[in-house]
Structure formats: structure tokens, C-alpha cells
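Peer 1: Quick note, in the numbering used here, the sequence shown goes up one by one and the last residue is 873.
We treat Cβ as the ideally placed atom computed from N, Cα and C, and that holds for glycine.
Can you keep this structure in mind? I'll have questions shortly.
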Amino acid sequence: MYYKISSNMKKALLFFGVFSAFGVTYSQQRLVLAESFSQASCGPCAAQNPALTTLLNANTTKIVSVKYQVSWPGYDPMYNHNPTEIDTRVDYYGISGVPDRVMDGTNMDVTQGAIDSRYAVTSPVSMTITHNIDPGFATADITVTITAPAIWNPTNTVLQLAMVEKDIIFASAPGSNGETEFHNVMRKMLPGTSGSAVVASNFASAGGSQTFTFTDVAIPSYIYDLGELSFVAWVQNNTTKEVYQAGVSLPVVLDDYAVVQSLTVPSNYSCAADLSGATAVLSNDGGTAITSATVNYQIDAGTVQTAPFTGNIAPGGTTNFAIPTTASPSGSHTLTSYLTNINGSGSSSPIGTTTTTFANISDAGTTGNFSQNFSSSAFPYANYHIASTTGDNWTRVATNTGSIKYDNYTFAAGKKGDTYIAPIDMTTISSPSMTFDVAYRQYQTENDKLEVFVSSDCGATWTSVYSKQGSTLATGAAQTAAFTPASSSDWRNETVSLTSYASASKLHIKFTATSAYGNNLYVDNINIAAAGVNELNQVGMDVYPNPASDVVNVKFEGKGGNYEIAITDLAGRTISTQSVTNAEGSQNVAISVNDLKAGNYIVTVKTEGAVSTQKVVVQ
255 MYYKISSNMK
265 KALLFFGVFS
275 AFGVTYSQQR
285 LVLAESFSQA
295 SCGPCAAQNP
305 ALTTLLNANT
315 TKIVSVKYQV
325 SWPGYDPMYN
335 HNPTEIDTRV
345 DYYGISGVPD
355 RVMDGTNMDV
365 TQGAIDSRYA
375 VTSPVSMTIT
385 HNIDPGFATA
395 DITVTITAPA
405 IWNPTNTVLQ
415 LAMVEKDIIF
425 ASAPGSNGET
435 EFHNVMRKML
445 PGTSGSAVVA
455 SNFASAGGSQ
465 TFTFTDVAIP
475 SYIYDLGELS
485 FVAWVQNNTT
495 KEVYQAGVSL
505 PVVLDDYAVV
515 QSLTVPSNYS
525 CAADLSGATA
535 VLSNDGGTAI
545 TSATVNYQID
555 AGTVQTAPFT
565 GNIAPGGTTN
575 FAIPTTASPS
585 GSHTLTSYLT
595 NINGSGSSSP
605 IGTTTTTFAN
615 ISDAGTTGNF
625 SQNFSSSAFP
635 YANYHIASTT
645 GDNWTRVATN
655 TGSIKYDNYT
665 FAAGKKGDTY
675 IAPIDMTTIS
685 SPSMTFDVAY
695 RQYQTENDKL
705 EVFVSSDCGA
715 TWTSVYSKQG
725 STLATGAAQT
735 AAFTPASSSD
745 WRNETVSLTS
755 YASASKLHIK
765 FTATSAYGNN
775 LYVDNINIAA
785 AGVNELNQVG
795 MDVYPNPASD
805 VVNVKFEGKG
815 GNYEIAITDL
825 AGRTISTQSV
835 TNAEGSQNVA
845 ISVNDLKAGN
855 YIVTVKTEGA
865 VSTQKVVVQ
């Protein structure tokens, strides 16, 4: 879906043939450069990258690799770390689809035959590259020298230098395609994407050379593991984009270096008033035993707290460290941990930073009827939580003037995400039931799934009360374009009885989506109230026209009681109210909106023990 067939073998063979003809005047062995473009949420990338990695690993004496993690089609933290420089390299080659590959400046597939052919073409220059990292792990020094045995007259040619992480390994996939291993990822271009000019006068005589020295280069804080830091350099003609030569300085063994390899919490959903039982795995990624360090830990943007580690972690070894119990307010949180002062170094620079998410939810249930229309953009709301073991979360979108979306169109099959709503005191609602609106279409025949679970013991156990998938879940015909509901006909109202939980004073509810790599799923207008409110929705409470400009009509089925119809703005301010007494049967109430400013409003129909809402747009 995200793969562009970009190789043109006739063009590639011509490119290499032309430069082979000139190769008779060259004498230096070439190290080939492969530049790859990939993404952590690209399904085809996950399918093709393992074979590419195997091929590159089998040819380390012939080819060196740099990989750019691009912005599309979904989330990728490595792109977010350095978007501008990645975009510049994307634009440099005109990359428009992923996965894609460029070898020595030519857009083509990287195969064994292509590697061998290009490796056989000699180069006008040789290259040496070395680097070291300072003992405080804050900066690096890199030296690159290119030498031409014969006279060489380069034009519009630069040295490009990339800071690269050789291996990045995640405990769980950071994007939606399931990949957890990423190799030779470009993290920073030095001194920038323009490179450093190769000066022709340095090579006006045989044996000419030019040395590029980069000192005290700041190592970005987003580097996952300094022990994986390497540097790749290449000499490139910006006119033809041909790469004349490449070189690599592989990771060096660091003394007194360790990282927080991972963080775990007993449960990502808890009703406790603090965080307890969290564990940091400390990993010695250096060359000397780690006997002491300061473990730093922080919840969200709160105060950084510290605890001492003493012990003996051999090189390559790990140990578990218990994070002390820490006060944590109600809501969703991020726990961050890193090391300082390793083996008494005195360094206060964060080393080996790792994060995880968790939620401490107030168990005090909301009393009375519950209604959520997702009109506020500040999602997740207070005492709500979103979670996914693979990072594939629900998001709040503006569709339908606010709803939540699960991106099955992008998320790989098997990915799962949960949205937890604030606990509700069901004892205050007679014969409770829940209604919500759903919009979904299949891509073709995929069985993307939506489930609703409830728990009365703060998530220790969950019971399914709703489950639909595929064609049963669909609210319209399958489509291969990414689905976005455009009208009320794209939505269906669902009703779930909660009478079995009428005695639950703290009912927790979560909406769970499971992707089959099909199409997008939306949920909106969650209402929990006495059965009467949901009967309004069952018989088709409707607001029309929507959008409206002068009059909005509110249609519902009366049950013989008194009803109040209110229009409120998104801040909750009441704009107008209207009463209907002894309403029996079909009701149609016209309300003037002539005096309202253009924008989004909420129409609410209330009767004794029941309430229903629907959004309306005034133009």
C-alpha cells in the first residue's frame, strides 16, 4: 500500500555502465552506499526490511547502509526526533513511497547482483573515518579523510556525514507495523544536510587529500543507546547524485556505560493513589563492570526523583531495579527513567532514557446519567485512559464535530487499542443501558473488531458486553479509500444493556478495537442512563437539517412524559430551552437558530431518568 515501484533497471544499468566506463582511470576499491527509506507504521516495510537486513549483513565488506525513517503513513518516533533533515533527504531523491532504496545515488532495488556490480566499479578516492565519544557521553569527535591517488577534479561535490544508530531494539513496536528492530538509522546529519564542500584544489596533484574534522559534536538527547552510535560518511556529486565513495566508523566499546533497558509497571490500569511495583531493567552496554549509578525517575513533567544503585553488573549483563513508590494523581501518565553518575563519574547528563505509560484512575464513580460526545479536543479527558501494548492507540478526531477513531486502515493486523472511560456509579441509574454511535467500513472483507468490556473490580477482571466485527460491524459498503464518515447515514446507534451491573458503584468501561488491517472505525455519543434514554436513540432521535442555518428540527418518539429540549455550546452554556408536555408518539420540534453564531452546538432531549444528545452545526 505504501510501496512505490521506483526501480528502473534499464536506467540503473545505464548509470552504472556510464560510470564503469570512467572507472578505468580510477584505482580505489569502492564501499557501496545503500540509503533506505522506511517507516515504523508501514506494513510493506515490515514485510521487506528483514530480507534487506539479511542481504546487507551478508555484504558488510562491500556495502554500508543508512536508513531514513520518514513521516508517512503513520507514527514513527525516530522521524519525530529529526523531521527536517529526514525530509530534506526525502526531497533530495524525490522519494514519494515507502519502502524505497537508493544505491550510490541511483534509485533502484538493492540486490546481490546490484551490489556486486557497483562494488566492481573502482573509485577515484579512498576514505578513512574514525570517531570517539567523550567520557561524559555528551559529545563526539569525528575525523574523515579522503585521498585521491591520481589527479581528481570534483565539481559540486560534498562530503555527507551521518550520525547513525546501528541497532535500535524496542520492547514493543513503536509504530503500527509490528517492527521492533531498526538498523542503521540516521539520527543526525553533520554539520547538516548540505554537507561539507569537497575542494577541487586539494586534489590538483596526485596523492591529494582533504581532511574533515568535527569536534565536540553534541550527541542528541534522543539517542537510544550510545553503545550503538556509529558514523557513516560518503562523497556525493550533487549534480548527478553519484556517490563516489563511502566509509563507516562502527560503534566503539564505552567504559562505564549503562542504560535503562526497559520499564515495567504491575498494571497499566490501577485505582491506587500512587505508583508502586515499577521495575527498571538496568543493562550494562559498556566494557567495564557497573558497580554504582544514580537511577532517576519522573512522572510526566513532575519533579525528577533519584535512588542509588549499588551492585555489580558485568558487561552485557542486566539487573532489575525497583523504582520506589511514588505519589501519582488520577489520570494517564508517563514514567521516565534514566541513569547519571555511573561508577561515580559525576556526570549529570541523562543516559539511557526509557519511558512507559500507565494510569491511576480515581475509583469514585460518576453519579447520575453519563454522556460523552468528544467535542473537547483535550483528549484523553480527566480520569480517562488510552492504552495499547503496541502503541496503536485510539485518537480523538474532529469528525462528526468530535469522535474517537481507530486507524485500522494503517494499523497492522492484530494491533489492539483500548479507550477507558471514567468509572460510573450505576446505583444511581434505574435499569441502566448504554448507547453509542459507531461508523465503520471494511476495506474489502477484513474483520476489524470492536468490543466493549466492563469491570466492577477496577480492571482486575473484564466482561464482554458487546462484540461485532467485519460485515456485522460495518455501517456501509466496503471501500478501498481510507474511510471518514461524511453524513449521518454513515453512523449506526448501538444499545447495550447494563442492567446486570445496576448494583455496581464503580463500573469501569473500555472500548477495545482490534485491527485486521481493514478500514477506519469511529465511536461517538456514548450515553449511559435508564433504559428510557436509550429508547430515544433506538427509535431514531434525529436532528435535521444538519448543518442548519435558520431552523433545526428535533425528532423523537415520546413515551407520554414531559420532555425538555436544550441547545448548549461546546463550553456547556445553555443557549435555549423548550418544553414538550405529555409527549406521546412521534414528536417533531422546530427550534430557531437564526440568532446563533456559526459553530458547533449540542442538542439535548431530557425526560425523567433519561437524556440523549446529538451534535448540530450552525452555518
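Comparing alpha-carbon positions, which option in L727, V871 and N637 lies nearest A652?
Peer 2: V871
Peer 1: Which partner residues does L483 have in the DSSP bridge list?
Peer 2: E419
Peer 1: When you compare the segment 744-754 with the segment 629-648, are there three or more beta-carbon pairs, one atom per stretch, that lie closer than 8 Å?
Peer 2: no
Peer 1: Is it right to say A641 is buried, meaning 16 or more other beta carbons lie within 10 angstroms of its own, or is it exposed?
Peer 2: buried
Peer 1: Using 8 Å as the Cβ pair cut-off and three pairs as the minimum, do the segment 577-592 and the segment 504-519 touch?
Peer 2: The segment 577-592 makes contact with the segment 504-519, as at least three CB pairs between them are under 8 Å.
Peer 1: DSSP beta-bridge partners for F810?
Peer 2: Q841.
Peer 1: When you compare only the Cα positions, how much space is there between F424 and D796?
Peer 2: 48 Å
Peer 1: Between which residues of its own chain and A305 is the CB-CB distance below 6 Å, once the five residues before and five after are set aside?
Peer 2: none
Peer 1: Pick helix, strand or coil for N456, following the three-state DSSP scheme.
Peer 2: helix
Peer 1: Where E811 and S833 are concerned, what is the direct C-alpha to C-alpha distance, given to the nearest angstrom?
Peer 2: Straight-line Cα distance between these residues: approximately 15 Å.
Peer 1: Find out if the Cβ-Cβ distance for the pair S591, T608 is shorter than 7 Å.
Peer 2: yes
Peer 1: Whether or not the segment 620-629 and the segment 531-550 are in contact is what I'm after, with contact meaning three or more pairs of Cβ atoms, one per stretch, closer than 8 Å; do they touch?
Peer 2: Touching, no.
Peer 1: Rounded to whole angstroms, what's the CA-CA distance from T399 to A460? Just pull it up for me.
Peer 2: 15 Å
Peer 1: Once you ignore the five residues that flank Y523 on each side, which residues in its own chain have a CB closer than 6 Å to its CB?
Peer 2: Short of 6 Å from the beta carbon of Y523, and not among the five residues preceding or following it, lie these beta carbons of its own chain, in chain order: A613 and G713.
Peer 1: May I ask you to report which of helix, strand or coil DSSP gives V344?
Peer 2: It is helical.
Peer 1: Could you tell me how far apart the beta carbons of P686 and H762 are, in whole angstroms, since I believe they sit closer than 8 Å?
Peer 2: Contact doesn't hold; Cβ gap of about 14 Å is too wide.
Peer 1: If you draw a straight line from the C-alpha of A534 to the C-alpha of Q559, how long is it?
Peer 2: 14 Å
Peer 1: Taking only runs that begin and end inside the segment 322-378, name each unbroken beta strand (DSSP E) of 3 or more residues, in chain order.
Peer 2: Qualifying beta strand (DSSP E) stretches, in chain order: 354-357.
Peer 1: Would you say I317 and I387 are within 7 Å of each other, going by their C-beta atoms?
Peer 2: no
Peer 1: Nearest CA to the CA of I477: which residue from D341, Y498 and E419?
Peer 2: E419
Peer 1: To test your reading of the DSSP string, which unbroken beta strand (DSSP E) runs of 3 or more residues are found completely within the segment 600-654?
Peer 2: 605-614, 624-626, 639-641 and 649-651
Peer 1: Whole angstroms is fine: what's the gap from T411's alpha carbon to F468's?
Peer 2: Approximately 19 Å, taken between the alpha carbons.
Peer 1: Applying the 10 Å Cβ sphere with the 16-neighbour rule, what's the burial state of G556?
Peer 2: Exposed: under 16 other Cβ atoms inside 10 Å.
Peer 1: Tell me the DSSP secondary structure of A534 in three-state form.
Peer 2: strand
Peer 1: Can you give me the start and stop residues for the alpha helix (DSSP H) that T726 sits inside?
Peer 2: G724 to L727
Peer 1: Near V439, what residues of its chain come up, given a Cβ to Cβ distance below 7 Å and the 5 sequence neighbours on each side ignored?
Peer 2: K321, Q323, M332, V418, E419 and I422
Peer 1: Report the option in K869, E482, G730 and S718 whose CA atom is closest to the CA atom of G656.
Peer 2: K869
Peer 1: Where do the ends of the beta strand (DSSP E) carrying N747 lie?
Peer 2: R746 to S751
Peer 1: How many angstroms separate the CA atom of P445 from the CA atom of V471?
Peer 2: 9 Å
Peer 1: Using a Cβ-Cβ cutoff of less than 8 Å, which residues in the same chain neighbour S603 once the five nearest sequence positions on both sides are dropped?
Peer 2: So the list reads G390, F391, A392 and T594, once near-sequence residues are dropped.
Peer 1: Buried or exposed for K442, please, with buried defined as at least 16 other CB atoms from any protein chain shown within 10 angstroms of its CB.
Peer 2: buried
Peer 1: Which class does G815 belong to by DSSP, given the choice of helix, strand or coil?
Peer 2: strand
Peer 1: Have a look at the DSSP bridge pairing and note the partners of L704.
Peer 2: L704 pairs with K722 and A767.
Peer 1: Identify whether I596 lies in helix, strand or coil by the three-state DSSP scheme.
Peer 2: helix
Peer 1: Alpha carbon to alpha carbon, what distance is there between D345 and T447?
Peer 2: 11 Å
Peer 1: What residue does the alpha helix (DSSP H) around A300 start on, and which one ends it?
Peer 2: G297 to N311
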